[in-house]
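**Q** With our numbering, the residue at position 748 of the sequence shown is 1239, and numbering never jumps. Shown below is the structure under consideration.
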Amino acid sequence: MYNFTSEIIFIKMSASRRQFIKISALGLGGFAASASALNMFGSSSYLDELVLENVAKKLNLYPTYCEVCFWKCAAWTHADEDGNIQKIIGNEKDPHCYGRLCPRGTGGVGMYNDPDRLKKPLIRTVVDGEQTFREASWDEALNLIASKFKTIKEKHGAESLALLKHGSPGKHLEHLFKAYGSDTIAEPAYAQCRGAREAGFALTYGSWVGSPEPTDIRDTKCLVLIGSHIGENMHNSQVQEMSDAIDNGATIITVDPRFSTAASKSKHWLAIKPATDIALLLAWMNVIIEEDLYDKEYVNKYTTGFDKLKKHVLNYTPEWAYGITTIKPSLIRKTAREIAFAAPSAIIHPGRHVSWYGDDTQRARAVAILNALLGSWGRRGGFYFKESIKIPKYPSPKYPEPKWTWREIGEKYPLAQMGITTEVIKASLPNPENKYPVKAWMVAGTNLTKSIPNKELLEKAIEALDFLVVLDTMPMDVTGYADVVLPECTYLERFDGIRAATNREPSIAVRVPAVKPKYDSKPGWWVAKQIGERLGLGEYFKYDDYKEVIDWQLKQIGTSLDEMNKIGVKHFPRKSGPLYLEDGENHVFPTASGKIELYSKELKSLGFSPLPEYTSHPEPPQGFYRLNYGRAPMHTFSRTANNPNLSDLMEENKLWVNPKVARILGLKKDQEVWLKNQDNVTSTFPIKVRVTERVRWDSVYMVHGFGHDNKKLSKAYGKGINDTQLITKIMEDPIMGGTGMRGNFVEILTNNPYNS
Ligand SMILES: Nc1nc2c(c(=O)[nH]1)N[C@H]1C(S)=C(S)[C@@H](COP(=O)(O)OP(=O)(O)OC[C@H]3O[C@@H](n4cnc5c(=O)[nH]c(N)nc54)[C@H](O)[C@@H]3O)O[C@H]1N2
Ligand SMILES: Nc1nc2c(c(=O)[nH]1)N[C@H]1C(S)=C(S)[C@@H](COP(=O)(O)OP(=O)(O)OC[C@H]3O[C@@H](n4cnc5c(=O)[nH]c(N)nc54)[C@H](O)[C@@H]3O)O[C@H]1N2
Ligand code: SF4
Ligand SMILES: [Mo]
């Protein structure tokens, strides 16, 4: 069953002080204390089922919102009287899920049941000359963290403590860090995800796209997906709205070098050559302008710079784009006309994970401009005007003013609007010329070794840190680098902040624990408060339980925790005006000119191209293939690979290979191969081959998030390849610091490279 003997393997980090430890505690305490009649047999055993089926128990319902991904669907957790979670069901009134969770949300109960969970705080120690973790009490772990934080603040200033975070726990720690004087905060959901999109749209429309995207998919007549693979990208209400739109006869056009699930539902699949999308976008603009298909009234009334744009795209004909994209001119014209005929009920989807080739802000600008030509922003079936309700902040003192923040660290990138993870990592490297030296990290809810490429740089930075504490629910790879590991309880076992995302109409959802925290795990808010109090910041944490904070906030907006416990989701009326532009209205956009800026003076003044230009990118050399990656409907990044419910649905990723390539290399279905990239990095594990016409011959494809190398992840260990390991070449976006990750090329090795 569960093996507690120390199976410590060290990854070579020569003369390293902080060796990578495959998490392995010395003690037995956590498990013994928690073994229940059910989980002793493992969470999905036949015996469990018998027990569950034959003992009819009353179920209690607790409101929550899902943490398996960041769409934050509201749901009801069903728990029996003994505190076993039976199921999680979507909240009918929730605009994020319309009453239905995706497979991952339903499988969220596996996060709670996973027997591999972190069970007790762990502290790095040395036994017989070898580094390992020992179990510790919360008091000891928290005291150690507080004393390290104090020392670092005294020596280097609070600014040198960085918080790298993602998801709900991050919010609580952000409060702690700001109270302590540090705004050195970053998350991979910016520079490695949607940052470039937000910069591109902010430059054009004056506002971010945000999450959930305000795409009016349910009423659209034409949805264009550019490398946005909705359906595999399982963002819930988007998928449901897309399915309804298809039933209602909407045209779907998918631009993707791979035949994605969305492509299979599309009228047109444009199998574009990777890295050439800007050329297609410019050619579409060329057709729409030259053939007078744009929304003249909208363009005249709401945009600036049209004449410059018209001149700019004059020569970017479909014939020009054909040579670059490999998409036939007739198909470029035909699709441009179809999109324009559907306008303004047409959406060129802004995408979400857009950190591809380093010119991503410019590509996002091209998407934004194209939407403006179609008049789709602020129109039914295009983009609606989103709204959310503001949640009042729980009373606490003002934060001190840090001397420098994430902004200064990322100052090279003039339009960065959030912390750039990779710049924080660089600022942590030992370098006397470093103006903003980072000395310690707290990592919460982000598995850096899978979400941030260039592992060598990451390991160098970690090696140089004075202190690293990781708060996670699972013994993920990143925990192996920590000095202290803190076990957070899962979202099903804790209170968190109120969800108040933007949507067609404002709504809120709450997260309430359905069961007590398993093992010796604790909620993120509690961890933040405990560290805060030890740092003398008690004034910032004046509550005993986070539910007091939520209840206070709910009362300020006319509801209460009692009411929310009964309804889970509450809607509020819109206050900002109608969903769409109205006739006769004179809408002012929040840009400098008050108009949609087709031509960007701001970019010009910063020395960037004011109109999007196509730039060519390197092609894979002979014998190499472009490494492409994406999502699978039943997994979220690396966080679900060990989930017992979800790994049952898909336990490893496969390498999609075109039959032509399989023929040349003599590859067979399910044959194991290794990959080696352009910088001679070889994958730790092999991957099985999937031969399919659905991928172009110049690329290979895999689902992101596999290839875990911590043995304590008993289901995920060694299953498939970690795409991030092979991403060593980064194409930085000079405008906002995004991490372009799609410029890496791999060779396929059929012989085990470790058998030599
Ligand atoms: N190669 C490559 N890199 C990528 C991407 C890619 O597709 N390919 N995608 C990029 C994108 S779009 C994004 S948004 C980022 C995502 O990057 P991350 O957010 O780092 O993604 P995960 O791999 O899910 O890591 C989440 C970590 O949070 C932990 N966790 C889960 N629930 C909780 C909780 O309740 N509390 C705490 N404390 N921890 C929890 C998990 O165990 C896991 O260790 O990655 C980016 N990086
Ligand atoms: N099931 C599931 N759903 C998720 C997530 C998850 O982990 N699991 N994560 C969520 C998050 S945080 C994000 S950011 C989104 C990400 O999801 P999206 O933003 O939809 O997509 P990407 O991951 O950027 O892109 C993947 C697609 O881009 C295609 N592609 C690769 N190169 C090119 C190119 O040069 N041009 C074009 N046109 N296409 C290309 C790939 O073949 C693939 O189909 O998904 C979200 N939804
Ligand atoms: S889309 Fe799925 S995983 Fe994401 S929050 Fe909703 S139910 Fe959870
Ligand atoms: Mo993302």
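Just so you know, even glycine gets a beta-carbon here, dropped at the ideal spot from N, CA and C.
Should Arg1130 be counted as a contact of ligand 1 given a C-beta to heavy atom distance under 8 angstroms?
**A** Translated into positions along the sequence shown, residue 1130 becomes position 639. Answer for Arg1130: yes, Cβ within range of ligand 1.
**Q** If you measure between the beta carbons of Gly866 and Tyr789, is that distance less than 9 angstroms?
**A** Translated into positions along the sequence shown, residue 866 becomes position 375. Translated into positions along the sequence shown, residue 789 becomes position 298. Result yes, Cβ atoms of Gly866 and Tyr789 sit closer than 9 angstroms.
**Q** Are the beta-carbon atoms belonging to Asp1214 and Leu1118 less than 9 angstroms from one another?
**A** On the sequence shown, position 723 is the one that residue 1214 refers to. On the sequence shown, position 627 is the one that residue 1118 refers to. Yes, the Cβ-Cβ distance between Asp1214 and Leu1118 is below 9 angstroms.
**Q** Starting from His759, trace the beta strand (DSSP E) in both directions and tell me its first and last residue.
**A** Mapped onto the sequence shown, residue 759 falls at position 268. Looking at the DSSP string, the run of the beta strand (DSSP E) that includes His759 is His759 to Leu761.
**Q** Here's the rule: buried if 16 or more other CB atoms are within 10 angstroms of the residue's CB, otherwise exposed. What is Lys1159?
**A** Position 668 of the sequence shown, counted from the start, is the residue given in the question as residue 1159. It is exposed - the Cβ of Lys1159 has fewer than 16 other Cβ atoms within 10 Å.
**Q** Taking Cβ to Cβ, would you say Glu650 is nearer than 9 angstroms to Trp895?
**A** Start at 1 with the first residue of the sequence shown, and residue 650 comes out as number 159. Start at 1 with the first residue of the sequence shown, and residue 895 comes out as number 404. For Glu650 and Trp895, yes; Cβs fall inside 9 angstroms.
**Q** Measuring only the C-alpha atoms, how far is Leu906 from Ala682?
**A** The count along the sequence shown starts at 1 and reaches residue 906 at position 415. The count along the sequence shown starts at 1 and reaches residue 682 at position 191. Straight-line Cα distance between these residues: approximately 12 angstroms.
**Q** Please specify which runs of the beta strand (DSSP E), each continuous and at least 3 residues long, are wholly inside the region 634 to 668, giving them in chain order.
**A** Whole beta strand (DSSP E) segments, 3+ residues: 652 to 656.
**Q** Sorry if obvious, but does the Cβ on Phe1115 come closer than 8 angstroms to a heavy atom of ligand 2?
**A** Against the sequence shown, residue 1115 aligns to sequence position 624. Phe1115 Cβ: outside cutoff for every heavy atom of ligand 2.
**Q** Roughly how many whole angstroms lie between the Cα atoms of Gly672 and Pro891?
**A** Taking the sequence shown and counting its residues from 1, one reaches residue 672 at position 181. Taking the sequence shown and counting its residues from 1, one reaches residue 891 at position 400. Distance between the alpha carbons of Gly672 and Pro891: 5 angstroms.
**Q** Would you say Tyr1116 and His1195 are within 9 angstroms of each other, going by their C-beta atoms?
**A** Locating residue 1116 in the sequence shown gives position 625, where the first residue counts as 1. Locating residue 1195 in the sequence shown gives position 704, where the first residue counts as 1. Going by C-beta atoms, Tyr1116 is not nearer than 9 angstroms to His1195.
**Q** Using C-beta distances below 6 angstroms, list every residue in its chain close to Gly1231, excluding the 5 sequence neighbours before and after it, in chain order.
**A** In the sequence shown, counting from the first residue as 1, residue 1231 sits at position 740. Correct list, in chain order: Ser846, Trp847, Tyr848, Gly849 and Met1222.
**Q** Using the Cβ count rule (16 or more neighbours within 10 Å means buried), how would you classify Pro1244?
**A** Reading the sequence shown from its first residue, position 753 is the one you call residue 1244. So Pro1244 counts as exposed.
**Q** Does ligand 1 have a heavy atom nearer than 8 angstroms to the CB of Ile838?
**A** Locating residue 838 in the sequence shown gives position 347, counting from the first residue. Checking every heavy atom of ligand 1 against the Cβ of Ile838, none is found closer than 8 angstroms.
**Q** Regarding Cys684 and ligand 5, is the C-beta to nearest heavy atom distance less than 8 angstroms?
**A** Absence of ligand 5 from the depicted structure is noted, with ligand 1, ligand 2, ligand 3 and ligand 4 being the only ligands included.
**Q** Residue range of the alpha helix (DSSP H) that Met602 falls in?
**A** Taking the first residue of the sequence shown as 1, we reach residue 602 at position 111. That run of the alpha helix (DSSP H) goes Val600 to Asn604.
**Q** Buried or exposed, going by whether 16 or more other CB atoms sit within 10 Å of the CB of Ser751?
**A** On the sequence shown, residue 751 is found 260 positions in, with the first residue counted as 1. So Ser751 ends up on the buried side.
**Q** Can you say whether Phe832 is buried or exposed, counting buried as having 16 or more other CB atoms within 10 angstroms of its CB?
**A** For the purposes of this step, residue 832 is taken as the residue at position 341 of the sequence shown. Exposed, by the Cβ-count rule.
**Q** Quick one: Cα of Met490 to Cα of Thr981, how far?
**A** The structure shown has nothing for residue 490, since the chain only spans 492 to 1247.
**Q** So, helix, strand or coil for Phe876, using DSSP?
**A** Residue mapping note: residue 876 aligns to position 385 of the sequence shown, counting from 1. Coil at Phe876, not helix or strand.
**Q** Between Phe958 and the rest of its own chain, which residues show a CB-CB distance below 6 angstroms, the 5 nearest in sequence each way excluded?
**A** Taking the first residue of the sequence shown as 1, we reach residue 958 at position 467. Excluding positions up to five away in sequence, the list reads Lys639, Ala931 and Asp974.
**Q** Is the beta carbon of Gly1015 closer than 9 angstroms to that of His663?
**A** Translated into the one-based positions of the sequence shown, residue 663 becomes position 172. Translated into the one-based positions of the sequence shown, residue 1015 becomes position 524. Yes, they are a contact pair.
**Q** Determine whether the beta carbon atoms of Glu704 and Pro841 lie at a separation below 9 angstroms.
**A** As a position in the sequence shown, residue 704 is number 213, starting the count at 1. As a position in the sequence shown, residue 841 is number 350, starting the count at 1. Yes. Within cutoff.
**Q** In whole angstroms, what separates the C-alpha of Ile576 from that of Trp567?
**A** Position 85 of the sequence shown, counted from the first residue, corresponds to residue 576. Position 76 of the sequence shown, counted from the first residue, corresponds to residue 567. Their Cα atoms are separated by approximately 11 angstroms.
**Q** Please report how far the alpha carbon of Tyr1192 lies from the alpha carbon of Leu822, in whole angstroms.
**A** Here residue 1192 refers to the residue found at position 701 when the sequence shown is read from its first residue. Here residue 822 refers to the residue found at position 331 when the sequence shown is read from its first residue. Looking at the two C-alpha atoms, the distance is approximately 25 angstroms.
**Q** Note the first and the last residue of the continuous beta strand (DSSP E) segment covering Val715.
**A** Reading the sequence shown from its first residue, position 224 is the one you call residue 715. Cys713 to Ile717 is the span of the beta strand (DSSP E), which, as asked, contains Val715.
**Q** Bridge partners for Pro978 per DSSP, in chain order?
**A** Here residue 978 refers to the residue found at position 487 of the sequence shown. DSSP, once it has assigned bridges, lists Asp963 as partnering Pro978.
**Q** Identify the continuous beta strand (DSSP E) that holds Ser998 and give its terminal residues.
**A** For the purposes of this step, residue 998 is taken as residue 507 along the sequence shown, with counting starting at 1. Start and end: Ser998 to Ala1000.
**Q** Taking the alpha-carbon positions, what's the Gly520 to Glu665 distance?
**A** Counting from one through the sequence shown, the residue named residue 520 turns up at place 29. Counting from one through the sequence shown, the residue named residue 665 turns up at place 174. Summary for Gly520: the model assigns pLDDT 28, below 50, so the residue's position carries little reliability; its value from the coordinates is reported in the next sentence. Between Gly520 and Glu665, the C-alpha separation is close to 31 angstroms.
**Q** Between the alpha carbons of Ile737 and Lys756, how many angstroms are there, rounded?
**A** Here residue 737 is taken as the residue at index 246 of the sequence shown, counted from 1. Here residue 756 is taken as the residue at index 265 of the sequence shown, counted from 1. Cα to Cα, the separation comes out at about 8 angstroms.
**Q** Whose CB is closer than 5 angstroms to a heavy atom of ligand 3? List the residues in chain order.
**A** Having a Cβ closer than 5 angstroms to some heavy atom of ligand 3 are Cys557, Val559, Cys560, Trp562, Cys564, Leu592, Cys593, Arg595, Gly596 and Asn727.
**Q** Considering Cα atoms alone, identify which of Leu633, Ala1207 and Lys611 is closest to Gln1021.
**A** As a working note, residue 1021 is residue 530 in the sequence shown. The residue with the shortest Cα to Cα distance from Gln1021 is Leu633.
**Q** Compare the C-alpha of Leu1078 against each of Leu550, Ile579, Gly697 and Lys641 and name the closest.
**A** Along the sequence shown, one-based indexing puts residue 1078 at 587. A small correction: the amino acid at residue 1078 is His; Leu does not occupy that position in the sequence shown. Checking every option, the nearest Cα to that of His1078 belongs to Gly697.
**Q** Are there 16 or more other CB atoms within 10 angstroms of the CB of Ser1096, so buried, or fewer, so exposed?
**A** Within the sequence shown, residue 1096 is the residue found at index 605, counting from 1. It counts as exposed.
**Q** Ignoring anything shorter than 4 residues or poking outside the region 1085 to 1166, list the alpha helix (DSSP H) runs there in chain order.
**A** Listed in chain order, they are 1092 to 1096, 1135 to 1140 and 1150 to 1156.
**Q** Rank Ala991, Val1172 and Leu784 by C-alpha distance to the C-alpha of Ile1239 and give the top, closest one.
**A** Counting from 1 along the sequence shown, the entry for residue 1239 is found at position 748. Minimum Cα distance to Ile1239 is reached at Val1172.
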